[in-house]
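Novice: Residue numbers (this note's numbering): -1 to 110.
Take this structure, written in structure tokens, and hold onto it; I'll ask about it next.
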């Protein structure tokens, strides 16, 4: 059994009846997908902590996208990009796509 995605995945972003996130590696098992994400996350921690130690990071909104792309870019085509689909988890709707750019602009102002 593939297992159920931890997100409510709709539209073209899910695979099969259990709606596993569509991914570049064609992984169809939720457990295998989560294990792969975990390995990529560990690699991302190591890479960005090294960047932090060498003082080559600029802390801004773009860094969030850089981390996201490095972490999930080998798995998902949308990694490192502004979300364009509605997403929810356990019945909780994430920020509406129409509000994301404005929220990122506000966040960038806070970071400055």
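Every residue gets a Cβ at the ideal spot worked out from N, C-alpha and C, and that includes glycine.
Note that the structure is a prediction, hence the values are computed from the model and not measured.
#1: Report the residue from 56, 69, 39 and 65 whose alpha carbon sits nearest the alpha carbon of residue 110.
#2: Which residue from 59, 23 and 67 puts its Cα closest to that of residue 104?
#3: Using alpha carbons as the reference points, say which of 98, 90, 89 and 86 lies closest to residue 79.
#4: Quick one: is residue 25 buried, meaning 16 or more other Cβ sit within 10 Å of its Cβ, or exposed?
#5: With burial defined as no fewer than 16 other Cβ atoms inside 10 Å of the residue's Cβ, what is the status of residue 107: buried or exposed?
Specialist: Let me lay it out:
#1: When only C-alpha atoms are compared, the closest one is 56.
#2: Among 59, 23 and 67, the Cα nearest to that of residue 104 belongs to 59.
#3: Of the listed residues, the one whose Cα sits closest to residue 79 is 98.
#4: Per the 10 Å Cβ criterion, buried.
#5: The residue is exposed, with fewer than 16 neighbouring Cβ atoms inside 10 Å.
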